[in-house]
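Each residue of the sequence shown is one higher than the one before, counting from 1 in full-length UniProt numbering.
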Amino acid sequence: MNKQKTGQKGDVTGKTIGELVASDYRAARVFEKYGIDFCCGGKIPLATACQERGIDPDLVSREIGEAASEPLERSQNYAAWGLPFLADYIINTHHAYLNENLSQISAYADKIAQVHGARHPEVIEIARIFDKIATDMVAHLREEEDVLFPAIKRIDAAVQAGREPDAGDRETVKTSLAQLDREHEEIGDAVHTIRDLSNNYGIPNDVCTTFMLTYRMLKEFEDDLHKHVHMENNILFPKAAQLSVESCSREEKAMGKTVAVDQNECISCGLCIESLPEVFRFADNGTSEAYDQGGASEDKIQSAINNCPVSCIHWKE
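Quick look at the structure:
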């Protein structure tokens, strides 16, 4: 083990939870202590998170600084890993854990709902919620392993080789990241509901061994999910999005074109807004208006221009 310096000394209350943990995973222990969500809830500033929980932000800030002075294993410095290695680690560690345990936890949850549901009705709802989590997780993991992660690896390989990444891969990353981020929030909310229903996985006195095992596995599932989603939301996804944007061709970056709409011709069909919301929007009079490219490729904008039924869209000179 070795001590590594971190930028988390002093007042860090203005930084987001995700930034703090991405910079130094030792901060996660402090957030866990105070029940602050650092994975799905990682986008809010520390000061806001503390205010929501009635916690002194200066106290938490000091404890984060103290945690940063403790030894840090190199293996925990996830932010320093390359994107392909990080993606493989997530699959081999966290996806493997889910593949091994999701069905077993679901089976146990269903069993205790049948046996103990009369005396502990909360377990019926817990079983229902977890069954949906397990179902959603299967599709979620498939999207990551079959779609997003391969696209990230191809972009990374192209950049490393000095080649132009495929525009389709960049579009895949953009679309998939938005979808998976929403799913992370939904799964995180469901897990928080289970924790509340179970009174923070507190085990009643009158239950069997299977009941105790189920609650322990649910707690283990949440702990693994926190680290899993943190690595994706706060490290892998932002780095992949940044790489995708930075890998645009020089011609595309330097194009500097803007798009215009002839509002005398516009019939407010909305096709351009539907196909390119990052470029087109409704004006106050109900017609379309355009602003800069918004990161959309020239080909995609040209396609919208070609599809306009009244030819009101054009490149601005």
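Even glycine gets a Cβ: it sits at the ideal position worked out from N, Cα and C.
Could you check what DSSP says for residue i in three-state terms: helix, strand or coil?
i, result
"H140", "helix"
"I44", "coil"
"A27", "helix"
"H314", "strand"
"A260", "strand"
What residues in its chain sit with their C-beta under 6 angstroms from that of residue i, if we drop five residues either side in the sequence?
i, result
"Q242", "none"
"D146", "none"
"L86", "L236"
"L213", "none"
"H95", "L141"
"A190", "I129 and I133"
From the options, pick the residue whose C-alpha is nearest to that of residue i; which is it?
i, options, result
"D156", "S247, A178 and Y97", "S247"
"E186", "Y201, N306, F130 and M212", "F130"
"D206", "I112, G18, C50 and V191", "I112"
"D110", "A96, T93, N92 and K132", "K132"
"K239", "T93, C50, K15 and P84", "P84"
"H192", "L177, D181, C308 and L218", "L218"
Terminal residues of the continuous alpha helix (DSSP H) containing residue i?
i, result
"N199", "Counting along the chain, N199 falls outside any alpha helix (DSSP H), and DSSP gives it neither H nor E."
"N307", "E298 to N307"
"I17", "I17 to S23"
"T93", "Per DSSP, T93 belongs to no alpha helix (DSSP H) and is neither H nor E."
"V60", "P57 to A68"
"I36", "No alpha helix (DSSP H) holds I36; DSSP gives it neither H nor E."
"L218", "T209 to H230"
"R154", "F149 to Q160"
Should residue i be counted as a contact of the ligand FAD given a C-beta to heavy atom distance under 6 angstroms?
i, result
"Y78", "You won't find the ligand FAD in this model; it holds no ligand whatsoever."
Please work out which residues of its chain come closer than 7 angstroms, Cβ to Cβ, to residue i, disregarding the five sequence neighbours upstream and downstream, and give them in chain order.
i, result
"G35", "R53"
"V30", "V60, E63, I64 and A67"
"R250", "Here R250 scores only 41 on pLDDT, less than 50, and its place in the model should not be relied on; the value that follows carries that caveat. None."
"P204", "H120"
"Y97", "D224"
"G14", "P45 and A47"
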